[in-house]
């Protein structure tokens, strides 16, 4: 007899490696232990009041569908936003998406066939696995090493990985989870590769405003690969508006814009109120990012300095975003990250970290690494680092 | 040499049949012609102020990600909402989605493999085609006839269409585009079919609050098929909040909830502000729907009576939603609907309609039909019907 089954792709969908420890954190909290959340990129910075007020004061009587490509005035406003960084696009190059997540999904669906391959330097943002699974696409990881500070792997690594099935390369710049900021030279290397093999370059620039050592060089600034480049953008991090779910799919490839618009039409529109928020945010005073960046920089310095002082811990200094990938003197961080929530506390405090293995496509890699998000206040980061030091000591003396 | 190409599924994605006439409407408007939009289900009813105020007054400092399954208090509030209609679910049976659209996409992705088939009575909501294409799923249409008022096709039609590849049946109740309200008996027939063949039953209940002749019987009220039934719901229509993009995926099938949660985690969360709106809307006074329904009922009666008075036009009286599917005395409504925008006006007014063919899966069907949404004021509907009558006369005397 026939039976109800879930689909193969549903079975293949990875559970979030970041969220799978949540139940253990909840148990710790129920025991009265304070948990420092270094595991997830949810900033504690306030969403700019001016942007929130734009929603509060919007004169909306009927909360209508927006255009499937997003509100035109917002798309035009984003043109101004990019122009400030010497990125020249037309508003018709921009489709507003429901978060950067949807921009990524649209890229996978519109550019790649089931069975196609996409090359991604690992460690990489774990949700790329989910979108790849939804689209039936295979991820081919090439390894970036902690010893090199997670710089772009050499050209030979890309060339070795490219097959007839390869259709795209994904980079995240500055990088989640490593914080690595790709240089102009590295971006030009990528441009040469995608031009030579006629691949798409998906550039996830969610953290573009948070660069500490050097200037951000966008994939949209590369010349001669206008049809190859797609930037996936989002307001989640730059305005501390993760819950808004507003992103953008930006490409000068008109055929692709038209294709993606069909996917956009199927889901009708992105949320209206948060587009109002996004549009208002572009008009924030220029010093908004300065203040935010200065705060993150202090946090970064506190975290990285603190981590590298712990015996056996190695953590490269990230050039951007608000993540760091550290190597701990433990054998298995999946086990360690669960143990630290389940069985450890120091002065009634503990730390939640994201185990490194979830960010690697190659099985067995990242087992000694963890990702840390420095989205907490400096004093909290100091406490968290102290906890971590004690935890490593205790864990290794078990 | 390799070339950049868009994916096969992007090529296969249908353009929206409702939106493809938009450029012609824009040209008409630029000429100063008033266009009555009967083509799209964007209500003109105001979004309830109490729900909008809940967003305006929400004390949100950081617009954070919500839980991937949605805000727990909102999910619990929806349990109360359904209970009023004698639908008994637990909050863990409910996942909040980004519009009903995402609930549908999750259903396709989580229940069906590429190459699987889903049976849908036609005419059907055109965007099912888009979600099916995204998931690589084939739609098998079975025809509901205008002569029967678009009632559920006979069991034999389903039985003939079921193959080894069939995994699901989709119904929309009350129906978009026909307005047909399925009876309890028809729902029980569907239950027997999905039970016998162990299929999923996707029940799109976007218009559940708008029933004029008879009570809505939800698929969640069917007994013995608890694991088979998924209700796709949305606040878009019932609170005139299409731009909120808040829906729900509701099923008692725990394996499926867990599977869909992984898709939900990949895209992180639905929009936060509009969940606040949705939660507040559940607490609207009981007479809210009475007033809205009374208004739609007047509009329906005006439209259907008017249409059936036009020589050669046949339009069944729909029991729910705010759509009607009418047969016009013209050969090709794709052509007619473009012509009426491009070349016709009456007292400087014209009408935008959705051609019927876009709602059929079987090629060649619906060529004489159009879908009309009665989302305009009674006086506007009267004007629109007058325009339509004149247009048909002129078109057929060309």
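Chains as they are written, first to last, in the UniProt record's numbering: chain A, 1 to 398; chain B, 1 to 398.
No residue lacks a Cβ here, since even glycine has one placed at the ideal position from N, Cα and C.
Option nearest residue i by Cα separation, candidates the options
{"i": "residue 39(B)", "options": "169(B), 369(B), 128(B) and 393(B)", "result": "369(B)"}
{"i": "residue 99(B)", "options": "154(B), 238(B) and 381(B)", "result": "238(B)"}
{"i": "residue 294(B)", "options": "165(B), 320(B) and 74(B)", "result": "320(B)"}
{"i": "residue 324(A)", "options": "83(A), 124(A) and 218(A)", "result": "124(A)"}
{"i": "residue 340(B)", "options": "3(B), 380(B) and 396(B)", "result": "396(B)"}
{"i": "residue 162(B)", "options": "121(B), 181(B) and 246(B)", "result": "121(B)"}
{"i": "residue 227(A)", "options": "93(A), 166(A) and 9(A)", "result": "93(A)"}
{"i": "residue 225(A)", "options": "243(A), 246(A) and 202(A)", "result": "202(A)"}
{"i": "residue 287(B)", "options": "72(B), 255(B) and 48(B)", "result": "48(B)"}
{"i": "residue 18(A)", "options": "365(A), 363(A), 194(A) and 337(A)", "result": "337(A)"}
{"i": "residue 101(A)", "options": "249(A), 382(A) and 385(A)", "result": "249(A)"}
{"i": "residue 304(B)", "options": "55(B), 253(B), 179(B) and 37(B)", "result": "179(B)"}
{"i": "residue 42(B)", "options": "241(A), 66(A), 34(A) and 273(A)", "result": "66(A)"}
{"i": "residue 145(A)", "options": "154(A), 296(A) and 139(A)", "result": "154(A)"}
{"i": "residue 10(A)", "options": "361(B), 266(B) and 274(B)", "result": "266(B)"}
{"i": "residue 351(A)", "options": "376(A), 384(A), 291(A) and 361(A)", "result": "384(A)"}
{"i": "residue 217(B)", "options": "259(B), 190(B), 135(B) and 55(B)", "result": "190(B)"}
{"i": "residue 431(A)", "options": "371(A), 347(A) and 81(A)", "result": "Summary: the structure shown does not reach residue 431(A), with chain A confined to residues 1 through 398, and so no result is reported for it."}
{"i": "residue 172(B)", "options": "160(B), 152(B) and 222(B)", "result": "152(B)"}
Contact belief for residue i with residue j at Cβ below 8 Å, rounded distance in angstroms
{"i": "residue 358(B)", "j": "residue 126(B)", "result": "5 Å"}
{"i": "residue 264(A)", "j": "residue 105(A)", "result": "Not confirmed; about 11 Å, so no contact."}
{"i": "residue 13(B)", "j": "residue 130(B)", "result": "6 Å"}
{"i": "residue 316(A)", "j": "residue 150(A)", "result": "6 Å"}
{"i": "residue 251(A)", "j": "residue 230(A)", "result": "4 Å"}
{"i": "residue 353(A)", "j": "residue 54(A)", "result": "Going by Cβ atoms, the distance from residue 353(A) to residue 54(A) rounds to 36 Å, so no, they are not a contact pair."}
{"i": "residue 169(B)", "j": "residue 193(B)", "result": "7 Å"}
{"i": "residue 333(A)", "j": "residue 318(A)", "result": "Incorrect: roughly 18 Å between the Cβ atoms, too far for contact."}
{"i": "residue 345(B)", "j": "residue 33(B)", "result": "5 Å"}
For residue i, the first and last residue of its enclosing beta strand (DSSP E)
{"i": "residue 352(A)", "result": "349-352"}
{"i": "residue 291(B)", "result": "Run containing residue 291(B): none in the beta strand (DSSP E); it sits in the alpha helix (DSSP H), 287-309."}
{"i": "residue 166(B)", "result": "166-172"}
{"i": "residue 159(B)", "result": "Per DSSP, residue 159(B) belongs to no beta strand (DSSP E); it is in the alpha helix (DSSP H), 155-161."}
{"i": "residue 34(A)", "result": "34-37"}
Backbone secondary structure at residue i - three-state DSSP
{"i": "residue 101(A)", "result": "helix"}
{"i": "residue 133(A)", "result": "helix"}
{"i": "residue 196(A)", "result": "helix"}
{"i": "residue 371(B)", "result": "strand"}
{"i": "residue 48(A)", "result": "coil"}
{"i": "residue 128(B)", "result": "helix"}
{"i": "residue 314(A)", "result": "strand"}
{"i": "residue 17(B)", "result": "coil"}
{"i": "residue 270(B)", "result": "coil"}
{"i": "residue 355(A)", "result": "strand"}
{"i": "residue 258(B)", "result": "helix"}
{"i": "residue 366(A)", "result": "coil"}
{"i": "residue 280(A)", "result": "helix"}
{"i": "residue 41(A)", "result": "coil"}
{"i": "residue 2(B)", "result": "coil"}
{"i": "residue 179(A)", "result": "coil"}
{"i": "residue 150(B)", "result": "coil"}
Residues bridged to residue i (per DSSP)
{"i": "residue 249(A)", "result": "95(A) and 232(A)"}
{"i": "residue 121(A)", "result": "142(A)"}
{"i": "residue 401(A)", "result": "Here chain A comprises residues numbered 1 to 398, so residue 401(A) is not present and cannot be evaluated."}
{"i": "residue 346(A)", "result": "349(A)"}
{"i": "residue 324(A)", "result": "372(A)"}
{"i": "residue 211(A)", "result": "320(A)"}
Element boundaries [alpha helix (DSSP H), containing residue i]
{"i": "residue 219(B)", "result": "Segment: none, residue 219(B) is in no alpha helix (DSSP H) and carries neither H nor E."}
{"i": "residue 390(A)", "result": "378-396"}
{"i": "residue 73(A)", "result": "72-84"}
{"i": "residue 11(B)", "result": "8-12"}
{"i": "residue 26(A)", "result": "22-30"}
Task: Residues of the segment 270-282 of chain A whose Cβ lies closer than 9 Å to any Cβ of chain C, in chain order - done: Absent from the structure is chain C; the protein chains it does hold are A and B.
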